Structures are given as structure tokens and as C-alpha cells.
Amino acid sequence: MTQFINRKEDTVTEAIDGLVRASGGELVRLDGYPHIRVVVRADWDKSRVALISGGGSGHEPAHAGFVGQGMLTAAVCGDVFASPSVDAVLAGILAVTGPAGCLLIVKNYTGDRLNFGLAAERARAFGHKVTMVVVDDDIALPDLPQARGIAGTLFVHKIVGALAEQGADLQTLTRTAERVIGNIHSIGMSLDTCTVPGSPKEHRIPAGMAELGLGIHGEAGVEQVPYDGAKNAIAAVVGKLATTMDKHPHVVLLNNLGGASTLEMSVLANELLSSSIAKQLKLIVGPAPLMTSLDMRGFSVSVYPVNEEDETLLAAPCRPSAWPGCKAVRPVAVKELPDGLMPIQPIPSRHDQTASFLTRWCQVLMESEADLNALDAKSGDGDTGSTLAGAASALLGALERMPLADHTQLYRAIGQELSQTMGGSSGVLLAIFFTAAGDAASGGQPRVAALKEGLNRMQTIGGAQLGDRTMVDALKPALDALDDGYAAAAEAARKGAVHTSTIVKAKVGRASYINADQLNGHIDPGAEAVARLFESLAAHRS
16 MTQFINRKED TVTEAIDGLV RASGGELVRL DGYPHIRVVV RADWDKSRVA
66 LISGGGSGHE PAHAGFVGQG MLTAAVCGDV FASPSVDAVL AGILAVTGPA
116 GCLLIVKNYT GDRLNFGLAA ERARAFGHKV TMVVVDDDIA LPDLPQARGI
166 AGTLFVHKIV GALAEQGADL QTLTRTAERV IGNIHSIGMS LDTCTVPGSP
216 KEHRIPAGMA ELGLGIHGEA GVEQVPYDGA KNAIAAVVGK LATTMDKHPH
266 VVLLNNLGGA STLEMSVLAN ELLSSSIAKQ LKLIVGPAPL MTSLDMRGFS
316 VSVYPVNEED ETLLAAPCRP SAWPGCKAVR PVAVKELPDG LMPIQPIPSR
366 HDQTASFLTR WCQVLMESEA DLNALDAKSG DGDTGSTLAG AASALLGALE
416 RMPLADHTQL YRAIGQELSQ TMGGSSGVLL AIFFTAAGDA ASGGQPRVAA
466 LKEGLNRMQT IGGAQLGDRT MVDALKPALD ALDDGYAAAA EAARKGAVHT
516 STIVKAKVGR ASYINADQLN GHIDPGAEAV ARLFESLAAH RS
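At position 529 of the sequence shown the residue is numbered 544 (my numbering), and the sequence of numbers has no breaks.
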């Protein structure tokens with residue numbers, strides 16, 4: 016997989032320099048590149064206890080991204096997924112430790128324990144006061160004698176970091192860290208493994224499956240389970256966490272493992288805060304990338320029971336921008352629409368033939384979702400099928416509220432429904448089409464003339480004409496032929512849709528931004544949708 020790196024050997028050092036350059040002068044690094052890679056607070060004066068963490072790189076923003084006032088004093092960075100050397104850790108200790116001492120916060124991996132532990136011994140030989148705590152929050156593999164340290168480590172960084180900023184002594188900080196560690200529980204899930212720079216990607220997780228409890232270095236988890244949406248993914252994770260939680264209020268940390276989109280993480284947050292443990296969740300950190308696994312397309316959830324003191328420390332201000340803050344969990348707040356936007360509900364009426372006709376059209380659009388998305392990917396952003404399918408689904412759900420026996424009001428009701436439920440340019444244009452057709456029908460125009468008036472209004476506002484490579488290229492011929500019967504209209508719509516594949520330069524719409532070579536030979540997705548609808552109508556009425 017292609018990545019935005021130069022030589023893989025330089026990736027970590029260049030990333031550290033990028034972090035330091037972009038810190039506004041708040042971070043510095045020790046000399047000794049490339050073997051010693053330590054990021055330090057620029058304002059550190061050794062007057063308080065120093066907090067050092069670190070480990071292998073590839074978990075950014077952990078750990079260097081959390082160096083700053085109110086969190087870490089320094090971070091020691093190893094190669095990707097490899098512990099830093101003893102000398103690198105020792106350099107970090109000696110650089111920031113004063114009379115108050117130093118606390119090392121280490122994740123529970125053999126290399127980290129050994130290298131940080133030996134560096135601590137050597138620092139003590141220099142006369143420094145150094146203690147070390149080991150985070151082991153991963154509950155995925157309960158039979159392991161040594162549980163792994165994962166994203167729950169951030170609770171230690173923040174709580175102990177705030178306490179250290181207040182001037183607490185080394186003994187107090189060590190005891191607090193041990194208390195916090197003893198109560199953190201975490202587990203992750205991913206749809207894919209990560210890509211290590213310069214190495215072939217491992218394809219361990221099959222399509223349609225998710226791995227529960229995998230480690231932040233891509234280590235295998237407890238099991239692979241069928242993936243069936245965000246709700247069930249969260250249910251699997253919280254099912255494990257629930258067994259570790261008491262009835263006290265908890266803070267939850269929702270961590271992006273690196274490859275999930277912001278949109279996906281917000282969906283996961285909604286499911287998490289609606290899950291079986293939701294009543295126990297008082298505070299939330301994230302969703303955010305906090306301790307990632309390069310580009311792993313997954314997430315992890317960490318929970319910790321909080322008391323009033325911990326809440327205060329979690330809410331204390333800190334300088335690292337990578338810390339997203341700790342916020343109270345609240346229900347969804349709803350504010351009424353402004354005056355004039357509340358929809359006027361039509362008077363519903365039954366008409367079985369119309370209901371059957373609309374249901375069939377909606378089904379055609381939903382069944383065509385993947386095909387239309389594939390067509391749109393050639394000339395747009397690949398969402399036309401999903402947009403139309405979503406609108407069709409909403410319209411199906413509204414049929415019982417529709418004035419099906421009054422076509423004049425039905426056109427307007429469909430236009431109103433589409434204006435509320437269908438996004439993008441297609442949504443507003445079709446809303447205009449049906450609303451204008453309803454207006455024309457209420458003025459006494461017959462059905463076909465009313466629909467043509469809707470098309471005229473849509474073209475006037477949208478600007479599309481025949482030959483511009485839009486849905487108009489299928490819709491206008493179909494309406495012109497409709498007086499000759501449904502079969503003629505379907506044939507005209509299909510001919511118009513196919514013709515769009517020969518139009519290599521679109522004049523309006525998203526396709527107008529696309530190179531002509533990409534458009535050639537591909538039917539416009541809006542025109543294809545129109546053709547399929549009229550073909551369905553012809554087949555239904557034959």
C-alpha cells in the first residue's frame with residue numbers, strides 16, 4: 016500500500032520533527048538522532064515530578080502528542096511498534112528529572128518493561144528518584160498472564176499529569192497511577208489489520224468479519240465475529256466491558272485506532288452512548304484518535320469508574336492539543352424548527368392502485384442503489400444510488416400519511432417529503448419538480464401537462480437542458496412520449512439515458528467537473544434511474 020512517507024528508515028524521525036515544528040515552540044527534542052528520539056516540554060524547569068511515557072511509534076498521537084503542561088513531561092519514541100532502547104529512555108530521564116523525581120508510565124509489553132525498567136535502575140544509580148508503573152488495561156484475553164496495555168493508558172497520563180501539575184510528590188503520583196491502572200478496562204475491535212511502513216499488509220481478517228480484542232500492534236484478538244453494523248460491533252465490545260463494571264459512574268474513552276472516518280466514529284459514539292452500559296457512563300473522552308495502530312480500521316473503548324477528585328483532574332486544562340477534553344454525557348437536545356418550516360401535514364387518503372405504483376417505484380430505486388452508485392462513481396462521488404434509495408425508503412415510510420386518492424395534493428406531498436428527506440442537488444430539484452406539478456394540477460392542467468410544468472420549473476431553476484448529461488436527458492423524452500403510452504415513455508427514457516453515455520462533456524451538475532475521458536461510455540446515473548422507473552411502470556401496466 017502506498018503511504019505518504021519517504022524512506023521507511025526515516026519515518027519516525029521525520030514525524031517527530033514535524034510534530035516539534037508544528038508545536039509553536041512548546042516542544043523540543045533531545046539531540047542524538049536517530050538512536051535517541053525524545054520529545055520534551057520546552058518550558059520544563061525540573062521543579063516538579065517529571066512524567067515520562069513512550070514505546071514504539073505508530074500509535075500517534077500517543078505518546079509524543081501528549082507531551083505538554085498538564086500531561087507528560089517527555090515521551091521516548093522507538094521504531095514503529097518497537098520499544099525504545101535503554102539509552103534512549105535513560106536520556107529522557109536524565110533530561111527532565113530534578114530533585115522531585117520521575118514517574119515512568121509504561122504499557123505492558125515485554126520490550127517496554129525491560130528497557131524502561133533497566134533505564135530506571137541506571138537512573139537510580141545516578142542518584143535520581145525514579146518509580147515505574149505498568150498499564151495492563153486490555154481485557155480481551157483474560158487467560159494471558161500479562162494483559163496488554165492499550166488506550167486506557169491515556170487516563171493515567173491525564174489524571175496523574177493534572178496532579179503532577181499541581182505539585183504532588185512522587186509517592187502520591189505513583190499511588191494514584193497504580194489506583195487508576197487497577198480500575199481501567201479496555202477492549203478494541205477492527206475490520207482490518209494495519210499497514211506497517213515498508214512491509215506487506217497482513218490480510219488476516221476476511222471481508223464481512225471483524226476481530227474482537229486485537230492488540231495495538233495488530234496482534235490477534237480473542238475471536239473473529241461476523242460484522243453486522245455499528246450497533247452490533249458496540250454491543251460485542253460493551254458485552255465484554257460490562258462484566259468488569261460496577262454500578263458507579265464511569266468515564267469512557269472512545270478511541271479511533273487510526274483508519275475509521277470521523278463519520279464512523281460519531282456513529283459508534285451514538286451507539287456506545289445508547290448501549291446497555293449507557294446509564295453508567297457519566298463522562299466521555301473522544302471520539303478521537305488517541306492511541307492508534309497506524310491505519311487500523313477499528314476502535315477501542317476504555318472505561319474507568321470516577322470519583323469527584325478524578326473528575327476534577329480529568330477536566331483540568333492541559334496544553335497538548337491531542338487531548339480532546341473530557342465532556343459530560345448528555346441526551347440528544349432537540350430544538351423546534353423555526354416558524355414557517357414546520358411542514359403542513361396533508362390529509363391522508365387511501366388509493367390502492369397509487370400505493371402499489373409508488374411502492375414499486377420505491378423498490379426499483381432501492382434495488383438499484385449499488386448499480387447507480389457505481390455509475391455515479393464514474394462521474395461524481397458515488398452516492399446517487401444511496402441518495403435515491405434513502406429518499407425512496409423515506410417515501411415508503413410516509414405512504415400511510417399521503418393523500419393517495421388526490422393526485423393534485425399527492426404531488427405536493429411528495430415534493431414536501433423529498434425536500435425534507437433527500438439531500439444533494441437531486442433532492443431539491445425533484446422537490447421542485449413535484450411541487451410545481453402539484454401547483455399546475457391544482458390549476459386544472461391534466462396529468463402529463465402538470466408533470467411537464469414540473470420539469471419546466473426544475474429546468475428553469477436547475478439550469479439543465481437536453482444534452483447536458485443529466486436526468487433531464489431521460490425525463491424530458493419520457494414525458495414527451497407519455498401521451499402515447501407507458502411503453503413509449505419507457506423506450507424514450509432508455510434511449511435518452513443511453514445517449515448520455517456518448518456525451519463526453521457535461522455542462523451542469525457534478526459531472527461537469529470531471530474529465531471527459533472518465534465520462535465516455537458511462538450512462539449518467541440520474542438518467543439511468545429515470546429510465547428504470549419508466550421501464551418498471553411499463554412492465555407494471557402491461
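Ideal Cβ positions, reconstructed from N, Cα and C, are used throughout, including at glycine. Since the structure is predicted, the reported quantities are computational estimates derived from the model, not experimental observations.
CB-CB length for residue i against residue j, believed under 8 Å
| i | j | result |
| --- | --- | --- |
| residue 418 | residue 361 | 5 Å |
| residue 423 | residue 370 | Wrong, their Cβ atoms sit about 17 Å apart, outside the cutoff. |
| residue 415 | residue 332 | Their Cβ separation, rounded to whole angstroms, is 53 Å, which puts residue 415 and residue 332 out of contact at 8 Å. |
| residue 553 | residue 505 | 4 Å |
| residue 321 | residue 265 | 7 Å |
| residue 225 | residue 211 | Rounded, the Cβ-Cβ distance is 21 Å, inconsistent with contact. |
| residue 551 | residue 349 | Actually they do not touch by this definition, with Cβ atoms about 38 Å apart. |
Alpha-carbon spacing of residue i relative to residue j, whole angstroms
| i | j | result |
| --- | --- | --- |
| residue 491 | residue 543 | 13 Å |
| residue 283 | residue 463 | 47 Å |
| residue 433 | residue 148 | 58 Å |
| residue 402 | residue 175 | 48 Å |
| residue 116 | residue 251 | 42 Å |
| residue 29 | residue 428 | 59 Å |
| residue 110 | residue 119 | 13 Å |
| residue 261 | residue 198 | 10 Å |
| residue 439 | residue 406 | 11 Å |
| residue 156 | residue 213 | 29 Å |
| residue 430 | residue 289 | 33 Å |
| residue 408 | residue 548 | 15 Å |
| residue 242 | residue 385 | 19 Å |
| residue 51 | residue 104 | 8 Å |
| residue 63 | residue 180 | 7 Å |
| residue 307 | residue 80 | 12 Å |
| residue 310 | residue 223 | 19 Å |
| residue 354 | residue 273 | 43 Å |
| residue 514 | residue 425 | 32 Å |
| residue 169 | residue 398 | 38 Å |
| residue 254 | residue 49 | 44 Å |
| residue 537 | residue 249 | 40 Å |
| residue 208 | residue 215 | 11 Å |
| residue 150 | residue 228 | 16 Å |
| residue 450 | residue 345 | 39 Å |
| residue 465 | residue 421 | 14 Å |
| residue 27 | residue 324 | 37 Å |
Exposure label - residue i; buried when at least 16 CB within 10 Å
| i | result |
| --- | --- |
| residue 154 | buried |
| residue 21 | exposed |
| residue 182 | exposed |
| residue 4 | The structure shown does not extend to residue 4, since the chain is modelled only from 16 through 557, so no value can be given for it. |
| residue 347 | exposed |
| residue 475 | exposed |
| residue 99 | buried |
| residue 24 | exposed |
| residue 46 | exposed |
| residue 468 | buried |
| residue 172 | buried |
| residue 412 | exposed |
Residues of its chain near residue i, where Cβ-Cβ distance is below 8 Å and the 5 sequence neighbours each way are ignored
| i | result |
| --- | --- |
| residue 58 | 41, 84 |
| residue 334 | 41, 83, 84, 85, 86 |
| residue 31 | 44, 52, 54, 79, 92 |
Residues of its chain near residue i, where Cβ-Cβ distance is below 6 Å and the 5 sequence neighbours each way are ignored
| i | result |
| --- | --- |
| residue 257 | 292 |
| residue 473 | 444, 447, 448 |
| residue 618 | Coverage of the chain is limited to positions 16 through 557, which leaves residue 618 absent and any answer about it impossible. |
| residue 107 | 53, 67, 89, 91 |
| residue 437 | 406 |
| residue 555 | 375 |
Proximal residues to residue i (C-beta, below 7 Å), its chain only, five neighbours per side dropped
| i | result |
| --- | --- |
| residue 489 | 508, 511, 512, 542, 545, 546 |
| residue 330 | 341 |
| residue 188 | 64, 118, 175, 178, 179 |
| residue 74 | 231, 306, 307, 308 |
| residue 318 | 200, 256, 260, 265, 267 |
| residue 246 | 286 |
Check: residue i C-beta below 6 Å from any heavy atom of the ligand GTP
| i | result |
| --- | --- |
| residue 83 | The model on display carries no ligand, and the ligand GTP is accordingly not part of it. |
Check your understanding: Is the stretch 293-308 in contact with the stretch 139-158, if contact means three or more CB pairs nearer than 8 Å?
Key -> no
Review point. Per the contact definition of three or more C-beta pairs closer than 8 Å, is the stretch 119-130 in contact with the stretch 67-80?
Key: yes
Check your understanding: Is the stretch 276-292 touching the stretch 219-239, taking contact as three or more C-beta pairs under 8 Å?
Key -> no
Review point. Quick one: any contact between the stretch 340-355 and the stretch 299-318, if contact means 3 or more CB pairs under 8 Å?
Key: yes
Check your understanding: Does the stretch 198-207 come within contact of the stretch 309-328, defined as at least 3 CB pairs closer than 8 Å?
Key -> yes
Review point. Quick one: any contact between the stretch 131-139 and the stretch 155-162, if contact means 3 or more CB pairs under 8 Å?
Key: no
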